[in-house]
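Asks: Residues -18 to 313 (the working numbering) are what the sequence shown spells out, left to right.
Think of the CB as a built atom: it goes at the ideal place given N, C-alpha and C, for glycine as much as any other residue.
Starting off with a structure, shown below.
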Amino acid sequence: MPANLTPTYLKAEQAYRQAQSLDEELRCLQVMLQEIPKHKGTDHLQASLKAKIAKTKKDIESDRTSGKKSGGLSIKIPRQGAGTVVILGGTNAGKSQLMASMTRATPKVAPHPYTTQLPQPGMMPWEDVFVQMIDTPPITPDFLEPSTYGFIRGADLALLMLDLGDDDGVENCLAVMERLNATRTRLGKETCLDEDDIGLAFTKTFLVANKIDLPGAMERLEIFHELADFEFEEFQISATEKIGLEELRNAIYHSLDVIRVYTKLPTSKTPDMDRPFTLPNGSTLLDLAALIHKDYVSQLKYAKIWGSAVHDGTPMKGDYVLNDKDIAEIHC
Ligand SMILES: Nc1nc2c(ncn2[C@@H]2O[C@H](COP(=O)(O)OP(=O)(O)OP(=O)(O)O)[C@@H](O)[C@H]2O)c(=O)[nH]1
Ligand SMILES: [Mg+2]
């Protein structure tokens, strides 16, 4: 990926990955093409973007002529919280049990296959923020609920679950990877779009080896390591016995690479410490203003900041790069 892509390009790229309709995809691709630095090093990427734009326009047109409403996925779950994590795996891997153990959601958990038939969201607490988790129906060689592609593309992180409690678990997990590798929505070490083929999206993935409380679990994990070609960060857990869950919870939050910012009204003595805003690491005061209200972007004069990088109450301009746990008092 060329190093000198602008923040606007990167934002559009993220929005493209999370787009829920062809029209939205097209808008993002057009911004990406407009924003991409035009030099030899980006020739491939420019060509790929142009090809993708042409194809998306064609798809929109053919949807229109066939009377279909453009694009939309059948099942939508709006993004919420500090980030979105999708739980994937073969049947019985413990996806729903993990969801139940990490959030307040109460999905159906059962020893028989294909228990989960529709994706379901839940919110995982981490300190004073929440991360959205989406439990999905199983992926098998014969079954992949179409909406799952959108959830993988739209997620900041995927958890690929390996069932260490059953001899079929290893094969089932390998089958999930193979199944996705045959599509344009794939699991990767990092989240990115393929430079030569913009339609090919990778989502950062953790391997979550579950049911380590059961006999034979470690032997199965060893077999998996021998057979699987993967570079994902790995976590060993028991979702029912709650082993390894705190380590996983922390890693999930930190993988999102976000910061928390608290706000304070000029008229109030104390900041609102209950509901921080979460923003991508590196965000500025202007980004925060945009998140609070779109009118704030043009109206922002300065904000007084309390935080680790400045003296308490220092007035800072819109380009100030925020730090985790900053308190901002916005003046328009
Ligand atoms: N011993 C043990 N059993 C577990 C663990 N996690 C899940 N299970 C059991 O495994 C079975 C399947 O769990 P689910 O959470 O329903 O699995 P799933 O991946 O959601 O399955 P589908 O919805 O069918 O795809 C249930 O009987 C769970 O109680 C674990 O860590 N240890
Ligand atoms: Mg389930």
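Have a look at G263 and E5 and give me their C-alpha separation to the nearest angstrom.
Replies: For the purposes of this step, residue 263 is identified with residue 282 of the sequence shown, where counting begins at 1. For the purposes of this step, residue 5 is identified with residue 24 of the sequence shown, where counting begins at 1. In a straight line, the C-alpha of G263 is about 25 Å away from that of E5.
Asks: What are the boundary residues of the alpha helix (DSSP H) that includes I218?
Replies: Within the sequence shown, numbered from 1, the residue matching residue 218 stands at position 237. Careful: I218 lies outside any alpha helix (DSSP H) and carries neither H nor E.
Asks: Could you have a look at D4 and say whether DSSP puts it in helix, strand or coil?
Replies: Counted from its first residue, the sequence shown places residue 4 at position 23. Correct three-state label for D4: helix.
Asks: CA-CA distance, K76 and P119?
Replies: Residue 76 sits at position 95 when you count from the first residue of the sequence shown. Residue 119 sits at position 138 when you count from the first residue of the sequence shown. Cα to Cα, K76 sits roughly 9 Å from P119.
Asks: Do R45 and G135 have their C-beta atoms within less than 9 Å of each other?
Replies: The count along the sequence shown starts at 1 and reaches residue 45 at position 64. The count along the sequence shown starts at 1 and reaches residue 135 at position 154. Not a contact, by the Cβ cut-off of 9 Å.
Asks: Just to check my reading of the structure: K306 and R241 have Cβ atoms closer than 8 Å, yes? What is that Cβ distance to the nearest angstrom?
Replies: Indexing the sequence shown from 1 puts residue 306 at position 325. Indexing the sequence shown from 1 puts residue 241 at position 260. Indeed they touch by this definition, with Cβ atoms about 6 Å apart.
Asks: Hey, how far is the Cα of W287 from the Cα of A271?
Replies: Along the sequence shown, one-based indexing puts residue 287 at 306. Along the sequence shown, one-based indexing puts residue 271 at 290. Roughly 20 Å separates the two Cα atoms.
Asks: Is D148 near ligand 1, in the sense that its beta carbon is under 8 Å from a heavy atom of that ligand?
Replies: Residue 148 sits at position 167 when you count from the first residue of the sequence shown. No, the Cβ of D148 stays beyond 8 Å of every heavy atom of ligand 1.
Asks: Following the continuous alpha helix (DSSP H) through D194, name the residue where it begins and the one where it ends.
Replies: Position 213 of the sequence shown, counted from the start, is the residue given in the question as residue 194. It is not in any alpha helix (DSSP H) - D194 carries neither H nor E in the DSSP assignment.
Asks: Can you tell me which of L3, D24, C9 and V90 puts its alpha carbon nearest to the alpha carbon of D177?
Replies: In the sequence shown, residue 177 corresponds to position 196, counting from 1. For D177, the nearest C-alpha among the options comes from D24.
Asks: Give me, in chain order, the residues of the same chain whose beta-carbon lies closer than 8 Å to that of M158; leave out the 5 immediate sequence neighbours on both sides.
Replies: For the purposes of this step, residue 158 is identified with residue 177 of the sequence shown, where counting begins at 1. Around M158: L141, L168, A209 and F211.
Asks: Looking at G71 and ligand 1, is the gap between the Cβ and the nearest heavy atom below 8 Å?
Replies: Residue 71 sits at position 90 when you count from the first residue of the sequence shown. Checking every heavy atom of ligand 1 against the Cβ of G71, one is found closer than 8 Å.
Asks: Can you list, in chain order, the stretches of the beta strand (DSSP E) that have 3 or more residues and sit fully within the stretch 46 to 106?
Replies: DSSP runs (the beta strand (DSSP E)) wholly in the stretch 46 to 106: 65 to 70.
Asks: Quick one: which unbroken beta strand (DSSP E) runs of 3-plus residues sit fully inside the stretch 115 to 139? Chain order, please.
Replies: Counting only runs of 3 or more, we get nothing.
Asks: Could you check how far apart the C-beta atoms of A(-4) and V239 are, in whole angstroms? I think they sit under 8 Å.
Replies: For the purposes of this step, residue -4 is taken as residue 15 along the sequence shown, with counting starting at 1. For the purposes of this step, residue 239 is taken as residue 258 along the sequence shown, with counting starting at 1. Not quite, the Cβ-Cβ distance comes to about 16 Å (not below 8 Å), so this is no contact.
Asks: Is Q98 buried or exposed, if buried means 16 or more other CB atoms sit within 10 Å of its CB?
Replies: On the sequence shown, residue 98 is found 117 positions in, with the first residue counted as 1. Looking at its Cβ environment, which holds fewer than 16 other Cβ atoms inside 10 Å, Q98 is exposed.
Asks: What are the start and end residues of the alpha helix (DSSP H) that includes E237?
Replies: Counted from its first residue, the sequence shown places residue 237 at position 256. Looking at the sequence shown, residue 237 is not Glu but Leu. Note, L237: premise wrong, no alpha helix (DSSP H); not H, not E.
Asks: Which residues mark the beginning and the end of the alpha helix (DSSP H) in which G150 is found?
Replies: Counting from one through the sequence shown, the residue named residue 150 turns up at place 169. Taken as a continuous stretch (DSSP letters only), the alpha helix (DSSP H) holding G150 covers G150 to N162.
Asks: By alpha-carbon positions, which one of D40, V112, N153 and T129 ends up nearest to I233?
Replies: As a working mapping, residue 233 is identified with position 252 in the sequence shown. When only C-alpha atoms are compared, the closest one is V112.
Asks: Out of curiosity, what's the CA-to-CA distance linking L54 and S249?
Replies: Position 73 of the sequence shown, counted from the start, is the residue given in the question as residue 54. Position 268 of the sequence shown, counted from the start, is the residue given in the question as residue 249. Bear in mind that the predicted position of L54 carries a pLDDT of just 47, short of 50, making it unreliable; the figure below should be weighed with that in mind. Answer to the nearest angstrom: the Cα atoms are 44 Å apart.
Asks: From the DSSP output, in three-state form, read off R230 for me.
Replies: Within the sequence shown, residue 230 is the residue found at index 249, counting from 1. Helix.
Asks: Whose C-beta lies closer than 6 Å to the C-beta of P127 among residues of the same chain, with five residues either side of it excluded?
Replies: Residue 127 sits at position 146 when you count from the first residue of the sequence shown. None.
Asks: On the criterion of 16 or more Cβ atoms from any shown chain inside 10 Å, does Q15 qualify as buried, or is it exposed?
Replies: The residue given as residue 15 occupies position 34 in the sequence shown. Counting Cβ neighbours within 10 Å, Q15 comes out exposed, since fewer than 16 surround it.
Asks: Which word fits G71, buried or exposed, when buried means at least 16 other C-beta atoms lie within 10 angstroms of its C-beta?
Replies: Along the sequence shown, one-based indexing puts residue 71 at 90. Answer is buried; the Cβ neighbour count reaches 16.
Asks: Under the three-state reduction of DSSP, which class applies to P261: helix, strand or coil?
Replies: Position 280 of the sequence shown holds residue 261. Strand, per DSSP.
Asks: Sort out for me which residues DSSP pairs M142 with in a bridge.
Replies: As a position in the sequence shown, residue 142 is number 161, starting the count at 1. Per DSSP, G70 and V189.
Asks: Just to confirm the assignment, what range does the alpha helix (DSSP H) spanning K(-8) have?
Replies: Indexing the sequence shown from 1 puts residue -8 at position 11. Looking at the DSSP string, the run of the alpha helix (DSSP H) that includes K(-8) is P(-12) to R(-2).
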